[in-house]
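In my numbering, the protein residues as written are 211 to 476. Glycine residues also receive a C-beta, built at the ideal position from the N, C-alpha and C atoms. Input: a single structure, listed below in structure tokens.
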Amino acid sequence: MKKPKKILIIGNWKMNLNVSQASLLVSRLDKHIKTRKGIEVVLAPSMLDLQPVSMQVDRRKFRLAAQNAYHHDEGAFTGEVSFTMLRELAHYVIIGHSERRIYFKEDLDEIRDKVSACMRNGITPILCIGETKTERRAGETRQVLHDQLMTALSNLTAEEVSEMVIAYEPVWAISTFEGDIAKPDEIGKDLTFIRDQVKELYGVQTEEKVRIIYGGSVDDHSARAYLEIPGCEGVLVGGASINYHKFAGIAEAAYRVVKENAEEKE
Ligand code: PEP
């Protein structure tokens with residue numbers, strides 16, 4: 211029988227927390243999040259916090275992600291940090307987050323190069339894709355997801371694609387909380403579309419292995435509903451991830467889903 215995949219809970223701290231605040235959050239998360247079978251918890255601190263967090267964190271309980279890196283391995287690129295430099299610190303790197311696409315003008319080619327550099331350095335990419343509100347209203351969601359996905363994966367083998375994490379993050383639903391939240395029944399078909407695209411291009415084995423998760427204003431109250439969407443294998447959490455109470459609540463919600471799925475199979 212196929213081993214079920216672990217549910218992935220990723221906390222993107224964005225540009226928040228100085229070194230001492232990060233350390234405090236790690237201690238609180240360590241206290242409030244239990245090591246649970248069937249879930250994997252990943253923390254993505256700022257580049258500055260990553261190194262001290264890596265010394266502090268219990269690596270059996272948490273994996274680490276960087277929020278970005280530059281696609282060249284080394285050289286005269288003042289101010290940048292490469293995937294090569296991150297190799298010993300981070301298991302994952304977030305690539306193509308909409309905030310980088312929008313504020314830092316990262317285009318499809320740059321994101322493709324980052325995904326390749328990530329793979330070349332033995333780090334697992336967490337590739338974020340998603341449409342804006344205007345694109346959704348214009349009925350362009352599928353085209354946008356297709357273009358973002360196909361360009362980003364274009365230099366990869368099927369085996370490499372199977373190791374990736376793809377996060378569907380509709381731009382209109384990120385950090386809105388009180389506002390325009392994506393309803394779980396609204397986005398199920400988009401997650402399925404992404405999965406079908408992977409299947410069509412890289413085959414069923416790749417599609418079965420690749421992890422596809424959701425991100426957009428997920429908190430401790432909504433996590434469960436997203437994790438119950440068929441084919442949703444985790445959540446990428448921004449705002450709620452720097453609140454230890456909320457993030458621990460999300461991890462508990464994931465564990466309850468794992469337990470219930472296991473009981474149903476018995
Ligand atoms: C994110 O940063 O990827 C994200 C989903 O943010 P938020 O949870 O705040 O919407």
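Excluding the 5 residues flanking it on each side, P262 has same chain C-beta neighbours closer than 8 angstroms at V229, A232, S233, in chain order. Not a single heavy atom of the ligand PEP lies less than 8 angstroms from the C-beta of S233.
Note that the C-beta distance between H307 and C328 is not below 9 angstroms.
At a Cβ-Cβ threshold of 9 angstroms, N226 and I452 count as neighbours. Beta-bridge pairing by DSSP links V375 to I336, R421.
Taken through DSSP and simplified to helix, strand or coil, V229 comes out as helix. If you look at E462, you'll find it in the alpha helix (DSSP H) that goes 454-475. Taking C-alpha positions only, H455 is separated from H242 by approximately 8 angstroms. In terms of Cβ geometry, E443 and P394 do not form a close pair [threshold 9 angstroms].
Rounded to the nearest angstrom, the gap between the Cα atoms of A383 and G426 is 5 angstroms. Distances from the CA of V445 to each of D240, L239, I249, L235 were compared; the closest alpha carbon is that of I249.
Per DSSP, G398 is one residue of the alpha helix (DSSP H) stretching across 394-412. Ranked by how close their Cα comes to the Cα of Q266, the residues R466, L299, R322, N278 have L299 in first place. Between the C-alpha atoms of F293 and D283 there is a straight-line separation of about 6 angstroms.
Taken through DSSP and simplified to helix, strand or coil, G448 comes out as coil.
Rounded to the nearest whole angstrom, the CA to CA distance from R405 to M257 is 31 angstroms. For the segment 221-300, the continuous beta strand (DSSP E) assignments of 3+ residues that do not extend past its boundaries occur at 249-254, 272-276, in sequence order. DSSP, reduced to helix, strand and coil, places I219 within a strand of the structure shown. For the pair K315 and E373, the CB atoms are not nearer than the 9 angstroms cut-off.
When only Cα atoms are considered, R297 and A275 end up about 10 angstroms apart. Annotation: the continuous alpha helix (DSSP H) that includes V354 extends over 351-363. Burial is judged here by how many other beta carbons sit within 10 angstroms of a residue's own beta carbon; D429 has at least 16 and is buried. In this structure Q415 does not touch L359 by the C-beta definition: roughly 18 angstroms separates them, more than the 8 angstroms allowed.
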